[in-house]
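**Q**
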Amino acid sequence: MNILENKRVLGLSAVFALAFGGLVYYGYDRKMAFDDAKEELDRINNTVLDYEQDQYPPTASTRKAMQAAAKKVEETLKGIKADFATYEHKCIGDGKTISSVDFQNQVRGAIDDLARSAQEKGCKVSSSAADLGMATFKNSAATADEVPYRSFQLKAAKRVADIVIESGSPLLDKVYCAPLPEPKVRTKSANFPLSMEVAFTAKRSQVEEGKVPVSVLPQVMNRLTTDKDFFFKVTGLWVASNETSLPAIDAYQAPTGDPNQGDDITDSGEAEPAEASVRQVAVRKTGSPDETVRVHINLQVLYFNSNTSKK
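Using our numbering, the letters of the sequence shown correspond one by one to residues 100 to 410.
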């Protein structure tokens, strides 16, 4: 083989080598693309399967249902915000800054007003209820940062006490105002609850002239849950019966005869007739309208911050 033939063989070998290398590279590159495409198709297929198994598949009808539900929720939220606007206004009041001295005067005035209204309604107020849970602030001033919340809590406690008295309770036994939440809750929350407790005595029924007798406890609960100025939420209710024990059962007496019974045809008539038995009317042993129970209610009143509630 001469030199020219050798060059031709080497040239063809080089061409085949380049072609083989190109094919290998092309095949490997397409294999990578195929793997990527297959992975994407598997992901799409799994997503579709999830949609089929989902309770709310992303279809046009589902989208319309979701939009209708979202619209209804938005309308409900608008109604709730409108209702809350009244309660929020009570928290803000007239917008004037209340000093510690002003709050102390509010406490004393509320205590005096409670005593007057209780006397007018014939309700006895115990020492643990007379100060409306604010005994600490009768003679010592509250801190400036607590005054707005304590002032609102005082008004809410006074409203609760008034409801109990006006519902006909013979005894307002206790009013307790819990400590305020932490400062970060008071300043950063749009609204937060303030806890209170009230204990009182409730008669079984309250007879009002020209009206149907109404129990005291239902009146208190209804007025708390429908109050227009304060958003009260009852978190606990405990009722104990009166401490007086029930009367003993009357001694058994055998019947002496039935006055409605007919004549005995076997009677010879020689014996003296038995005295007719006296009809006895049932005597009420329990269930008197004057019976009382002791009621203890745990409740919260919602406070709205004027600086955050509208955000």
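Glycine is no exception: its CB is placed at the ideal position from the N, C-alpha and C atoms.
Since residue 302 and residue 391 should fall inside the 8 Å C-beta cutoff, what is the C-beta to C-beta distance between them, to a whole number of angstroms?
**A** Position 203 of the sequence shown, counted from the start, is the residue given in the question as residue 302. Position 292 of the sequence shown, counted from the start, is the residue given in the question as residue 391. Rounded, the Cβ-Cβ distance is 5 Å, consistent with contact.
**Q** Leaving out five residues before and five after residue 322 in sequence, what residues of the same chain have Cβ atoms less than 6 Å from its Cβ?
**A** Locating residue 322 in the sequence shown gives position 223, counting from the first residue. So the list reads 262, once near-sequence residues are dropped.
**Q** Would you give the residue range spanned by the beta strand (DSSP E) that residue 340 belongs to?
**A** For this step, residue 340 is matched to residue 241 along the sequence shown. 331-340 is the span of the beta strand (DSSP E), which, as asked, contains residue 340.
**Q** What three-state label does DSSP hand residue 199 in the structure shown?
**A** As a position in the sequence shown, residue 199 is number 100, starting the count at 1. In the structure shown, residue 199 sits in a helix (DSSP, three-state: H, G or I).
**Q** Going by DSSP in three states, residue 248 sits in which element: helix, strand or coil?
**A** Looking up residue 248 in the sequence shown gives position 149. Of the three classes helix, strand and coil, the one that applies to residue 248 here is helix, per DSSP.
**Q** By the three-class DSSP mapping on this structure, what secondary structure does residue 308 have?
**A** Sequence index remark: in the sequence shown, residue 308 carries index 209 (1-based). Per-residue confidence for residue 308 stands at a pLDDT of 48, beneath the threshold of 50, marking its modelled position as unreliable; the derived number appears in the next sentence. Residue state, collapsed to three classes: coil.
**Q** Between 282, 313, 395, 206, which has its C-alpha nearest residue 233's C-alpha?
**A** Taking the sequence shown and counting its residues from 1, the one referred to as residue 233 is at position 134. Nearest option by C-alpha distance: 206.
**Q** Quick check: what's the CA-CA separation for residue 399 versus residue 325?
**A** Translated into the one-based positions of the sequence shown, residue 399 becomes position 300. Translated into the one-based positions of the sequence shown, residue 325 becomes position 226. Taking the straight line joining both Cα atoms gives about 14 Å.
**Q** On the criterion of 16 or more Cβ atoms from any shown chain inside 10 Å, does residue 189 qualify as buried, or is it exposed?
**A** Here residue 189 refers to the residue found at position 90 of the sequence shown. Buried, since its Cβ has 16 or more Cβ neighbours within 10 Å.
**Q** Which residues mark the beginning and the end of the alpha helix (DSSP H) in which residue 174 is found?
**A** Here residue 174 corresponds to residue number 75 of the sequence shown, with the count starting at 1. That run of the alpha helix (DSSP H) goes 159-191.
**Q** With DSSP run on the structure shown, which of helix, strand or coil describes residue 327?
**A** Taking the first residue of the sequence shown as 1, we reach residue 327 at position 228. Here residue 327 sits in coil by DSSP.
**Q** Run the CB neighbour count on residue 166, radius 10 Å, all protein chains shown included, and call it buried at 16 or more, exposed below.
**A** Reading the sequence shown from its first residue, position 67 is the one you call residue 166. Residue 166 comes out exposed.
**Q** Buried or exposed, going by whether 16 or more other CB atoms sit within 10 Å of the CB of residue 351?
**A** On the sequence shown, position 252 is the one that residue 351 refers to. Classification for residue 351: exposed.
**Q** I need the DSSP call for residue 413, collapsed to helix, strand or coil.
**A** The question about residue 413 has no answer, for the chain in this structure spans 100 to 410.
**Q** Considering just the uninterrupted stretch of the alpha helix (DSSP H) at residue 238, what are its terminal residues?
**A** Along the sequence shown, read from residue 1 onward, the residue named residue 238 stands at position 139. Segment 235-238, the alpha helix (DSSP H) holding residue 238.
**Q** Going by beta carbon distance, what residues of the same chain come within less than 6 Å of residue 252, once the five residues before and after it are set aside?
**A** The residue given as residue 252 occupies position 153 in the sequence shown. Contacts found: 276, 293.
**Q** Does the distance from the CB of residue 254 to the CB of residue 213 come in under 8 Å?
**A** For the purposes of this step, residue 254 is taken as the residue at position 155 of the sequence shown. For the purposes of this step, residue 213 is taken as the residue at position 114 of the sequence shown. Taking 8 Å as the Cβ cut-off, residue 254 and residue 213 do not qualify as a contacting pair.
**Q** DSSP beta-bridge partners for residue 391?
**A** By 1-based counting over the sequence shown, the position of residue 391 is 292. Per DSSP, 302.
**Q** Going by Cα to Cα distance, which pick from 225, 338, 217, 200 is closest to residue 247?
**A** Counting from 1 along the sequence shown, the entry for residue 247 is found at position 148. When only C-alpha atoms are compared, the closest one is 200.
**Q** Which whole-angstrom value is the C-beta distance of residue 269 and residue 222, which I expect to be below 8 Å?
**A** The sequence position of residue 269 within the sequence shown is 170, counting from 1. The sequence position of residue 222 within the sequence shown is 123, counting from 1. Indeed they touch by this definition, with Cβ atoms about 6 Å apart.
**Q** Which term fits residue 315, buried or exposed, when burial requires 16 or more other beta carbons within 10 angstroms of its beta carbon?
**A** Here residue 315 refers to the residue found at position 216 when the sequence shown is read from its first residue. The residue is buried, with at least 16 neighbouring Cβ atoms inside 10 Å.
**Q** Can you look up residue 145 in the DSSP assignment and give me helix, strand or coil?
**A** Walking along the sequence shown from the start, residue 145 turns up at place 46. Three-state DSSP puts residue 145 in a helix.
**Q** Where does residue 297 sit, in a helix, a strand or coil, going by DSSP?
**A** What you label residue 297 is simply residue 198 of the sequence shown in a count that begins at 1. DSSP places residue 297 in strand when its eight states are reduced to three.
**Q** When DSSP labels each residue in this structure, what does residue 404 get in the three-state scheme?
**A** Locating residue 404 in the sequence shown gives position 305, counting from the first residue. Coil.
**Q** Could you give the C-beta distance for residue 264 and residue 216, rounded to a whole number, given that I count them as a contact under 8 Å?
**A** Numbered from its first residue, the sequence shown carries residue 264 at position 165. Numbered from its first residue, the sequence shown carries residue 216 at position 117. Yes, they are in contact, since the Cβ atoms of residue 264 and residue 216 sit about 6 Å apart, within 8 Å.
**Q** Buried or exposed for residue 172, going by 16 or more other Cβ atoms inside 10 Å?
**A** Stepping through the sequence shown from its first residue, residue 172 is reached at position 73. With fewer than 16 other Cβ atoms within 10 Å, it is exposed.
**Q** Mind reading off the beta-carbon distance from residue 404 to residue 250? Whole number of angstroms is fine, and I expect it under 8 Å.
**A** By one-based count along the sequence shown, residue 404 stands at place 305. By one-based count along the sequence shown, residue 250 stands at place 151. In fact, because the Cβ distance is near 14 Å, the residues do not count as touching under 8 Å.
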